[in-house]
Amino acid sequence: MEDKKTFIDPDLTKRTVIGPNGEDITVDPIQDYFCDALPKKHEPKRAKIFENFFNWARAESIWVLGFGTGCGSIELYPLLTPRFDAYRFGVQMRPTPRQANLMIISGYLSVKTLKRAIRSYEQMQNPKFVMALGSCTINGGMYFDSYNTINRLDKYMPVDVYVAGCMPRPEAILAGFEALKKRIKAGKAEGANLYAENFETYKANQKKIIRDWNMPDYNW
Amino acid sequence: MEKIIQHLQGAFDVKAVKKQRNDLYFVTVGKDQAIPAVTYLRDAEGFSHLVMITVADWMEKGVFELNYIVHNYQLHADISICTNIDREEATMHSAHHLWEQAWTYQRELKEMYGIEFPGSPRVDESFNLEGWDNIPPMRREFDTLKYANETFFPRPGRVSHDPATYMKQKLYPNE
Amino acid sequence: MSNSNNHKLLIKTDRSSYPQPDESGKLQVDLDSGKYVKVWHGPNHPGVTGNMSLELTLCGDEVVEAKTHVGYLHRGFEKIFERRTWMQCFPTVVRMCVPEPDSNEYNLAASMEELSNVEVPEYAQWMRTLVLEMARISNLLRLLPAHGGTMGLGLGVQWGVYLRDLILDRFEELTGARIYHMYIIPGGVRGKMPDGFKKRLISNLDDIDDFLIRLKRLVIDNAVFKKRSIGTGYINPSWVDKYGIVGPNARAAGYKRDVRKDNPYLIYDQLDFEPYVDNEAASDIFSRTWVRFMDLKYGVEMIRQILDKMPNDGEILGKIPNALNWKIPTGQTYVRSESSRGEYGFFAVADGSEYPRRINLRGPSYTHAIALLEKLLVNANISDVSAIMVSLATCPPEIER
Numbered sequence: 120m121e122d123k124k125t126f127i128d129p130d131l132t133k134r135t136v137i138g139p140n141g142e143d144i145t146v147d148p149i150q151d152y153f154c155d156a157l158p159k160k161h162e163p164k165r166a167k168i169f170e171n172f173f174n175w176a177r178a179e180s181i182w183v184l185g186f187g188t189g190c191g192s193i194e195l196y197p198l199l200t201p202r203f204d205a206y207r208f209g210v211q212m213r214p215t216p217r218q219a220n221l222m223i224i225s226g227y228l229s230v231k232t233l234k235r236a237i238r239s240y241e242q243m244q245n246p247k248f249v250m251a252l253g254s255c256t257i258n259g260g261m262y263f264d265s266y267n268t269i270n271r272l273d274k275y276m277p278v279d280v281y282v283a284g285c286m287p288r289p290e291a292i293l294a295g296f297e298a299l300k301k302r303i304k305a306g307k308a309e310g311a312n313l314y315a316e317n318f319e320t321y322k323a324n325q326k327k328i329i330r331d332w333n334m335p336d337y338n339w
Numbered sequence: 008m009e010k011i012i013q014h015l016q017g018a019f020d021v022k023a024v025k026k027q028r029n030d031l032y033f034v035t036v037g038k039d040q041a042i043p044a045v046t047y048l049r050d051a052e053g054f055s056h057l058v059m060i061t062v063a064d065w066m067e068k069g070v071f072e073l074n075y076i077v078h079n080y081q082l083h084a085d086i087s088i089c090t091n092i093d094r095e096e097a098t099m100h101s102a103h104h105l106w107e108q109a110w111t112y113q114r115e116l117k118e119m120y121g122i123e124f125p126g127s128p129r130v131d132e133s134f135n136l137e138g139w140d141n142i143p144p145m146r147r148e149f150d151t152l153k154y155a156n157e158t159f160f161p162r163p164g165r166v167s168h169d170p171a172t173y174m175k176q177k178l179y180p181n182e
Numbered sequence: 259m260s261n262s263n264n265h266k267l268l269i270k271t272d273r274s275s276y277p278q279p280d281e282s283g284k285l286q287v288d289l290d291s292g293k294y295v296k297v298w299h300g301p302n303h304p305g306v307t308g309n310m311s312l313e314l315t316l317c318g319d320e321v322v323e324a325k326t327h328v329g330y331l332h333r334g335f336e337k338i339f340e341r342r343t344w345m346q347c348f349p350t351v352v353r354m355c356v357p358e359p360d361s362n363e364y365n366l367a368a369s370m371e372e373l374s375n376v377e378v379p380e381y382a383q384w385m386r387t388l389v390l391e392m393a394r395i396s397n398l399l400r401l402l403p404a405h406g407g408t409m410g411l412g413l414g415v416q417w418g419v420y421l422r423d424l425i426l427d428r429f430e431e432l433t434g435a436r437i438y439h440m441y442i443i444p445g446g447v448r449g450k451m452p453d454g455f456k457k458r459l460i461s462n463l464d465d466i467d468d469f470l471i472r473l474k475r476l477v478i479d480n481a482v483f484k485k486r487s488i489g490t491g492y493i494n495p496s497w498v499d500k501y502g503i504v505g506p507n508a509r510a511a512g513y514k515r516d517v518r519k520d521n522p523y524l525i526y527d528q529l530d531f532e533p534y535v536d537n538e539a540a541s542d543i544f545s546r547t548w549v550r551f552m553d554l555k556y557g558v559e560m561i562r563q564i565l566d567k568m569p570n571d572g573e574i575l576g577k578i579p580n581a582l583n584w585k586i587p588t589g590q591t592y593v594r595s596e597s598s599r600g601e602y603g604f605f606a607v608a609d610g611s612e613y614p615r616r617i618n619l620r621g622p623s624y625t626h627a628i629a630l631l632e633k634l635l636v637n638a639n640i641s642d643v644s645a646i647m648v649s650l651a652t653c654p655p656e657i658e659r
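Chains as they are written, first to last, in our numbering: chain A, 120 to 339; chain B, 8 to 182; chain C, 259 to 659.
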């Protein structure tokens with residue numbers, strides 16, 4: 120009888136497959152694969168009318184990544200339920216970063232969450248936007264002297280809209296969505312491009328506080 | 008309650024007893040007697056619920072004061088077994104065999120104060136912090152404002168005042 | 259309501275083809291064998307309460323090992339209290355638990371009052387009780403439908419959050435804020451009841467009564483919910499003392515654990531109430547849902563009782579020293595209250611200066627979400643993970659502060 124501990128599924132062994140151009144590729148199913156290409160700047164369309172049309176479409180379909188990073192996420196419950204109903208503005212929650220184009224940083228970010236937030240942000244598809252809630256993301260708020268929360272979010276990822284308050288009411292977040300829509304329609308919400316252009320600076324800032332950087336530099 | 012305290016005094020070398028409320032006593036014992044005293048309270052006197060294990064840092068005396076708060080559901084009363092341990096070589100006997108949640112507290116105290124608990128499971132895993140390479144943050148010599156100013160990027164223009172003196176200046180400048 | 263043999267109904271999965279533990283009872287998890295897969299449940303996951311994560315090792319769709327990882331919301335509160343005066347701690351302390359901040363306010367106020375011998379006027383004590391009970395039902399309105407929400411019954415959540423918002427409106431009227439009220443200040447409360455407040459609050463309570471009937475039909479009587487919750491996440495009653503289980507989770511296991519009844523604080527000894535205990539100790543997800551349901555029902559009745567019995571007017575603030583320069587004499591104390599999740603306590607140490615030496619929080623999730631959850635998740639199906647987690651009422655901010 121086969122020993123169960125050393126049993127290896129034949130589907131999971133290394134094997135060689137033939138690639139599309141006829142080259143041999145070794146595939147190891149247990150190893151993680153990721154693309155290590157750096158982010159690229161997204162150039163607008165030549166004709167302004169197309170770019171305007173795309174921006175209008177982007178503004179009207181804001182899909183939010185459901186990642187409550189801080190206390191502000193408690194006000195996202197009323198926002199998405201019948202009382203304030205953000206769905207009527209085309210705003211909806213998505214469970215995975217691949218489907219989302221808006222990341223809401225809902226309040227303070229501890230260093231441990233910042234690592235996950237950066238990872239989620241980089242996994243989102245372009246064009247992508249960041250909305251930051253609360254005074255903690257602007258200047259640290261009441262946690263300005265804490266050893267584990269960041270003070271300024273814009274040093275670590277580009278922020279398109281800030282919503283002030285501790286914590287912002289659902290009405291304020293709705294106003295924030297309106298402001299974000301205006302920016303997108305005017306073609307000013309260029310956070311993702313800013314991130315691609317200043318990638319080195321952002322990465323240096325992030326690596327300064329995230330001590331155990333055990334992931335690829337850009338993981339999308 | 009008085010009776011239980013007398014039993015404790017008879018069985019252990021009790022250094023001090025402080026009555027805070029009718030249902031809350033702080034009993035100070037030596038370092039080696041703390042775990043036996045907690046075990047005695049749990050097994051013989053019905054203090055079956057571990058409320059918390061906590062530490063107060065008395066830097067000027069050079070000690071950590073450990074508190075094991077236990078609760079009795081029949082008497083609805085608490086006893087806190089306090090013990091002082093040396094700040095420089097902070098080591099304490101583990102209580103993980105008494106309650107299942109005790110190792111969580113010990114894991115946190117190890118990370119936040121640097122107190123060693125030999126034998127406690129998973130005590131060396133990080134609890135709240137990730138990749139922390141400074142002195143344990145809850146020790147009083149760790150200056151959190153200095154650390155935050157050096158590490159994070161404080162937004163210029165932020166001023167904090169001492170409320171007592173600042174409000175006196177603003178409201179009653181002549182006094 | 260429930261059957262004592264419910265946990266026996268659990269269909270045992272045939273695990274004979276799975277890897278078996280060795281002689282010492284430990285399962286050797288060899289990830290390279292390809293038999294196991296590691297899944298991170300959170301922090302970015304819709305089925306996780308708040309911002310925490312579970313590191314699950316799966317064999318097939320069964321969990322063989324679970325580890326809780328916290329610290330995503332760690333703000334170092336206990337450190338920054340060393341730099342705040344006692345009064346400055348007060349707006350900070352409410353941020354410790356987001357869904358139910360009032361227990362924090364009460365515990366800090368009570369420990370300061372106890373250490374410096376401040377008397378609280380009677381009217382203020384009634385107002386404090388009212389606010390604490392309102393906070394309890396507002397949290398339960400969010401939490402209770404979420405038990406069904408984890409099994410795909412999202413409509414109850416929509417109703418519950420809407421009704422919670424009505425209670426938040428009353429909070430806004432009374433205190434000026436929706437979430438962080440900062441109403442219970444050391445020495446008393448911050449204001450009196452506005453005109454017409456009582457009437458509007460009672461009309462909201464009637465709405466909640468109506469909601470409870472609909473919620474019972476929608477979620478608790480639902481066949482899918484019953485099928486999935488009965489027998490799942492069974493807590494053996496003998497674990498209650500060993501794991502430090504408190505509050506509704508202990509009451510579902512047949513233990514009467516309620517700080518309001520055991521160690522009455524404020525004016526709870528003048529109120530007539532009896533916490534609901536599941537005498538059959540079914541102690542599964544269904545039983546915990548039912549205990550929370552009855553908690554909400556009794557909470558609504560309790561607010562009616564408080565409004566009925568409380569005096570119409572009175573002093574709101576006792577005699578306190580200069581709040582900006584409040585020196586508290588050396589001493590230490592432990593103060594507890596009952597939150598909607600169980601015993602909630604503050605350990606406070608004063609050293610005679612304006613600054614606290616140590617304020618430490620004991621939250622019920624500290625034991626429920628780490629030691630107990632890791633034990634409960636072993637052998638659970640992966641689709642039940644978030645249901646078990648929500649049924650323990652996990653609240654990450656109070657674990658890591």
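For glycine and all other residues, C-beta sits at the position ideal for the given N, C-alpha and C.
Within the same chain, show all residues whose beta-carbon is closer than 6 Å to that of Ser87 of chain B, passing over the 5 residues directly before and after it, in chain order. So the list reads Phe33, Asn74, Ile76, once near-sequence residues are dropped.
Opening and closing residue of the alpha helix (DSSP H) in which Phe173 of chain A lies: Residue range 167–179 is occupied by the alpha helix (DSSP H) that includes Phe173 of chain A.
Classify Arg386 of chain C as buried or exposed, calling it buried when 16 or more other Cβ atoms lie within 10 Å of its own Cβ. Buried: at least 16 other Cβ atoms inside 10 Å.
Could you confirm whether any beta carbon from chain C is found closer than 9 Å to the beta carbon of Met120 of chain A? For Met120 of chain A, the predicted structure reports a pLDDT of 43, less than 50, and the residue's modelled location is therefore unreliable. The matter cannot be settled from this model.
Own chain partners of Asp20 of chain B with C-beta closer than 8 Å, once the 5 adjacent residues on each side are dropped: Excluding sequence neighbours, Asp20 of chain B sits near Val36, Gly37, Gln40.
Please state if the CB of Leu635 of chain C and the CB of Ile628 of chain C are separated by a distance shorter than 9 Å. Ile628 of chain C is not a Cβ neighbour of Leu635 of chain C, given a cutoff of 9 Å.
Can you name the residues of chain A whose CB is closer than 7 Å to the CB of Asp423 of chain C? Result: Pro197, Arg202.
If you follow the alpha helix (DSSP H) that Phe33 of chain B is in, where does it begin and where does it stop? Element bounds for Phe33 of chain B: not the alpha helix (DSSP H) but the beta strand (DSSP E), 31–36.
Look at the Cβ atom of Ser644 of chain C, then the Cβ atom of Thr547 of chain C, and state whether they are nearer than 9 Å. Result no, Cβ atoms of Ser644 of chain C and Thr547 of chain C do not sit closer than 9 Å.
Presumed contact (8 Å Cβ cut-off) between Val278 of chain A and Leu299 of chain A, rounded CB distance: The C-beta distance from Val278 of chain A to Leu299 of chain A rounds to 11 Å, too long to meet the 8 Å contact threshold.
Where does Tyr371 of chain A fall in DSSP's three states? For chain A, the structure presents residues 120 to 339; residue 371 of chain A sits outside this window and is missing.
By the three-class DSSP mapping on this structure, what secondary structure does Cys190 of chain A have? Cys190 of chain A: helix per DSSP, three-state reduction.
So within the region 301–368 of chain C, which uninterrupted beta strand (DSSP E) runs reach at least 3 residues, ignoring any that extend past its ends? Entirely contained in the region 301–368 of chain C, the beta strand (DSSP E) runs reaching 3 residues are, in chain order, 311–317, 320–327.
Using a C-beta to C-beta distance shorter than 7 Å, which residues of chain C count as neighbours of Asn164 of chain A? The sequence shown places Lys at residue 164 of chain A, not Asn. Those within 7 Å of Lys164 of chain A in chain C number zero; the least Cβ separation is about 32 Å.
Looking only at its chain, what residues have a beta carbon closer than 7 Å to the beta carbon of Phe263 of chain A, apart from the 5 residues adjacent to it on each side? Apart from sequence neighbours up to five positions away, the residues of its chain that approach Phe263 of chain A with a beta-carbon distance below 7 Å are Asn270, ordered along the chain.
Which residue's Cα is closest to the Cα of Gly209 of chain A: A:Ala166, A:Ile237, A:Trp175, A:Pro163? Answer by Cα proximity: A:Trp175.
In chain C, which residues lie with their C-beta within 7 Å of the C-beta of Gln113 of chain B? Correct list: empty, because the minimum Cβ distance to chain C is about 12 Å.
When burial is assigned at 16 or more other CB atoms within 10 Å of the CB, is Ser262 of chain C buried or exposed? In this predicted model, Ser262 of chain C has a pLDDT of only 44, less than 50, meaning its place in the structure is not dependable enough to derive any value.
Quick one, which of C:Val287, C:Arg472, C:Asn302, C:Arg394 has its alpha-carbon nearest Lys296 of chain C's? Check the Cα spacing between Lys296 of chain C and each of C:Val287, C:Arg472, C:Asn302, C:Arg394: the tightest is with C:Val287.
Return the first residue and the last residue of the alpha helix (DSSP H) that Ile225 of chain A is part of. Here residue 225 of chain A is Ser; the residue named in the question, Ile, does not match the sequence. Unbroken run through Ser225 of chain A is the beta strand (DSSP E), 221–225; no alpha helix (DSSP H).
Is any heavy atom in the ligand GDP found nearer than 8 Å to the beta carbon of Val447 of chain C? Only the bare structure without any ligand can be found here, which leaves the ligand GDP out of the picture.
Measure the C-alpha to C-alpha separation of Glu601 of chain C and Tyr321 of chain A and round it to an integer number of angstroms. Distance between the alpha carbons of Glu601 of chain C and Tyr321 of chain A: 44 Å.
Pick from B:Ala109, B:Gly121, B:Tyr80: whose alpha carbon is nearest that of Glu96 of chain B? It is B:Gly121.
Between the region 277–296 of chain A and chain F, which residues of the former have a C-beta closer than 8 Å to a C-beta of the latter? Chain labels in this structure do not include chain F; the protein chains are A, B and C.
Counterpart residues of Tyr602 of chain C in DSSP-defined beta bridges: Paired residues: C:Ser595.
Check Gln211 of chain A in the structure and name its three-state DSSP category. Reduced to three states, the DSSP call for Gln211 of chain A is strand.
Are the Cβ atoms of Cys653 of chain C and Thr307 of chain C separated by less than 9 Å? Yes, the pair counts as a contact, with Cβ atoms nearer than the cut-off.
Using a threshold of 9 Å, state whether the C-beta atoms of Asp423 of chain C and Pro197 of chain A are closer than that. It is a contact, given that the beta carbons lie within the stated cut-off.
Is DSSP giving Thr132 of chain A helix, strand or coil here? Looking at Thr132 of chain A - three-state DSSP - the assignment turns out to be coil, as it is neither helix nor strand.
N-terminal and C-terminal residue of the beta strand (DSSP E) that Asp85 of chain B is part of: Here the beta strand (DSSP E) through Asp85 of chain B covers 84–93.
CB-CB under 8 Å to Pro161 of chain B, same chain, minus the five flanking residues each way: which ones, in chain order? Excluding positions up to five away in sequence, the list reads Ala155.
Could you tell me which residues DSSP pairs with Gly446 of chain C in its beta bridges? Secondary-structure assignment with DSSP links Gly446 of chain C through a beta bridge to C:Ile443, C:Leu575.
Let me know the secondary structure DSSP gives Glu241 of chain A once reduced to three states. Glu241 of chain A carries a helical assignment under DSSP once its states are collapsed to helix, strand and coil.
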